[in-house]
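**Q** In full-length UniProt numbering, the protein residues as written are 1 to 202.
Just so it is clear, CB atoms sit at the ideal spot from N, CA and C, and this is done for glycine as well.
Nothing here was measured: the structure is a model prediction, and the numbers come from that model.
So that we are looking at the same thing, I have put the structure below in structure tokens.
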Amino acid sequence: MTIKYTFQGLLIYLVIASYLFAFLATVLGRKKTGQGFYLAGFVVAVVAFGYRWYDVHHIPFQNLFEVFLSMGMMIYPLSIFCRRFLRVGGETLDMLIGAILLFPAGFVFSAEPQKLPPALQSWLFTPHVAVYLMSYVIMAKATVQAFCQLKTKADSTKENLLDYEKGTYRMICFGFPLLTLGLILGSWWGKLAWGDYWGWDP
């Protein structure tokens, strides 16, 4: 585990701290304070994402450091989307998911800038990776919902259990097509970049 003594690292640690403070404040009953920290963390995450983009001169989707940084930024808008359009709550746990997603970017993977290889210099690079990352975040949220259902006390009402199950189902119905779209875009991109030799031919 390595601490990043850089401006990029500072931004990541601020986001992690904001998400954790948001989680703790919400758990302790201070929902407005928690939402404020959550929003502040998202704003700093956008700044961190933009700074990385400026630093490497391409959208930060290339390596695992950039992938976890991007997912840590995506958690807030996807959390809002799930609440408003899929009618799935769980924002409190989303705050914790966001902090966990940013941990590898902050402490595990190197932030050393890398030149984008020719194969990745395609307009399909951005949508292919973006839909995959969104689906991963959605599936992580769905996993937490399913875990909450399993951990619900035996004396809980049937309606509560159904709420968890319906929420998980709705998110999977949203996330799985994104995974499929990512696969299709990746196949198209692979065909344009490498031709047929990379494919499996029985």
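Curious, which full-length alpha helix (DSSP H) runs of at least 4 residues does the UniProt domain "Cytochrome c assembly protein" (68-202) contain?
**A** 91-103, 125-151, 158-194
**Q** What do you reckon, are the CB atoms on S70 and F37 nearer than 8 Å?
**A** On the sequence shown, position 70 is the one that residue 70 refers to. On the sequence shown, position 37 is the one that residue 37 refers to. Cβ distance not < 8 Å, so S70 and F37 don't count as in contact.
**Q** Rounded to a whole number of angstroms, what is the C-alpha to C-alpha distance between G29 and F174?
**A** The sequence position of residue 29 within the sequence shown is 29, counting from 1. The sequence position of residue 174 within the sequence shown is 174, counting from 1. So the alpha carbons of these two residues sit roughly 30 Å apart.
**Q** Check whether the segment 105-117 and the segment 45-59 touch, using three or more Cβ-Cβ pairs below 8 Å as the test.
**A** Three or more beta-carbon pairs drawn from the segment 105-117 and the segment 45-59 are found closer than 8 Å, and the two stretches are therefore classed as touching.
**Q** For I172, which of W188, A119, M134, L183 has the nearest alpha-carbon?
**A** As a working note, residue 172 is residue 172 in the sequence shown. For the set W188, A119, M134, L183, the Cα lying nearest the Cα of I172 is the one of M134.
**Q** Measure the Cβ-Cβ separation of F42 and Y5 and say whether it is below 8 Å.
**A** The residue you call residue 42 lines up with position 42 of the sequence shown. The residue you call residue 5 lines up with position 5 of the sequence shown. No, these two residues do not count as a Cβ contact at 8 Å.
**Q** Residues in the same chain with beta-carbon distance under 6 Å from G34, minus the five sequence neighbours each way, listed in chain order, please.
**A** Counting from 1 along the sequence shown, the entry for residue 34 is found at position 34. Cβ neighbours of G34 beyond the five flanking positions: A22, A25, T26.
**Q** Leaving aside the five residues before and after V144 along the sequence, list all residues of the same chain whose C-beta is less than 6 Å from its C-beta, in chain order.
**A** By 1-based counting over the sequence shown, the position of residue 144 is 144. Setting aside the 5 residues that flank it on each side, V144 is surrounded in the same chain by L93, each with a C-beta closer than 6 Å to its C-beta; the list follows chain order.
**Q** For T168, count neighbouring Cβ atoms within 10 angstroms of its own Cβ and tell me buried if that reaches 16, exposed if not.
**A** Here the question's residue 168 lines up with position 168 in the sequence shown. The residue is buried, with at least 16 neighbouring Cβ atoms inside 10 Å.
**Q** Counting C-beta neighbours from all protein chains within 10 Å, is the total for L192 16 or more, i.e. buried, or is it exposed?
**A** As a first step, residue 192 is located in the sequence shown; it is residue number 192 there, counting from the start. L192 is exposed by the Cβ-count criterion.
**Q** Please state the DSSP three-state secondary structure of P3.
**A** The residue you call residue 3 lines up with position 3 of the sequence shown. Reading off the sequence, residue 3 comes out as Ile, not Pro. Of the three classes helix, strand and coil, the one that applies to I3 here is coil, per DSSP.
**Q** Kindly list the residues whose CB is nearer than 6 Å to the CB of H58, restricted to its own chain and excluding five residues on each side of it in sequence; keep chain order.
**A** The sequence position of residue 58 within the sequence shown is 58, counting from 1. Same-chain partners within the cutoff: L116.
**Q** I need the straight-line Cα distance from L39 to W188, nearest angstrom please.
**A** On the sequence shown, residue 39 is found 39 positions in, with the first residue counted as 1. On the sequence shown, residue 188 is found 188 positions in, with the first residue counted as 1. If you take the alpha carbons of L39 and W188, they lie about 36 Å apart.
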